[in-house]
Amino acid sequence: MAAQLFGGQVAGMRPDSAVYMLLDAARDPRIYSWLSEPREVVRQRCLYQGDVGDNLAHVAPYLLALREDQPESLRFAEAGFGQSWGLFLTSAAAFDDVRRHLRKFNVVYRQDGTPLVFRFYDPRVLRAFLPTCTGSELQRFFGPIDAFVAESEEGDALLRYSLRDGELVQSRLELDR
Numbered sequence: 731m732a733a734q735l736f737g738g739q740v741a742g743m744r745p746d747s748a749v750y751m752l753l754d755a756a757r758d759p760r761i762y763s764w765l766s767e768p769r770e771v772v773r774q775r776c777l778y779q780g781d782v783g784d785n786l787a788h789v790a791p792y793l794l795a796l797r798e799d800q801p802e803s804l805r806f807a808e809a810g811f812g813q814s815w816g817l818f819l820t821s822a823a824a825f826d827d828v829r830r831h832l833r834k835f836n837v838v839y840r841q842d843g844t845p846l847v848f849r850f851y852d853p854r855v856l857r858a859f860l861p862t863c864t865g866s867e868l869q870r871f872f873g874p875i876d877a878f879v880a881e882s883e884e885g886d887a888l889l890r891y892s893l894r895d896g897e898l899v900q901s902r903l904e905l906d907r
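Taking this note's numbering, the leading residue of the sequence shown gets 731, the next gets one more, and so forth.
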């Protein structure tokens, strides 16, 4: 998976792009346990903050900055591959800017104003959501993000979603497993 993420296949990557991982701690208790261990090398932050972040930390989404020279994070991601633990994304934007952008989508509202948690960081949700978006919705959702990368439904490939001329482009990257 590292070859696909850092080898340029995923991003059609600009040289200044970073690879991020969004993990959903609600999917497996091992995720929060792993995230709670002290680490100096992996920058990570919960997408929730304040009391909500404190109260829901064990089931919250987390943004992690990945680096090719920090294989521990990739090994952990590979352990959860095929189990909808999260997804990857690429962006030239700074970590805090990416987090700020993603936080806009934690809650969405029904037409009657009822708030709903939007679990866009679940690959099953992302795969269903992106193809239904209009061009302007895609522009807003992607913002500073170059590509979202999710596991395929079968768990045998990575699906890369990006925009070209305002249109959604999906490509499939087979994994060497």
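Glycine residues also receive a C-beta, built at the ideal position from the N, C-alpha and C atoms.
The stretch 751 to 801 is shown to contain whole beta strand (DSSP E) runs of 3 or more residues at 774 to 776 and 791 to 796, in chain order.
Here the C-alpha atom of L753 lies approximately 13 Å from the C-alpha atom of F878. Remark: C-beta atoms of R894 and A880 do not approach each other more closely than 7 Å. Within the same chain, and ignoring the five residues on either side of F850 in sequence, the residues whose Cβ sits closer than 7 Å to its Cβ are F835, L856 and F859. Annotation: V782 to H788 spans about 11 Å, alpha carbon to alpha carbon. For P853, no beta strand (DSSP E) run applies; the uninterrupted alpha helix (DSSP H) run containing it begins and ends at P853 to F859, by DSSP. Distance between I875 and R833, taken at the CA atoms: about 13 Å. For D827, the enclosing alpha helix (DSSP H) has its first and last residue at F825 to R833. Ranked by Cα distance from Y792, the first of R805, E798 and Q774 is Q774. When the beta-carbon positions are compared, V749 and T864 stay at least 7 Å from each other.
Distance between A795 and T844, taken at the CA atoms: about 33 Å. Residues H788 of the same chain have their beta carbon placed closer than 8 Å to that of P759, with the five preceding and five following residues left out of the count. In the structure shown, Q841 adopts coil according to DSSP, grouped into three states.
Distance from the CA atom of R830 to the CA atom of Q841, rounded to whole angstroms, is 25 Å. Around the Cβ of G816, a 10 Å sphere holds 16 or more other Cβ atoms; the residue is buried. A distance below 7 Å between beta-carbons, with the five flanking residues on each side excluded, links S747 to the following residues of its chain, in chain order: A741, T820, S821, A822 and D876.
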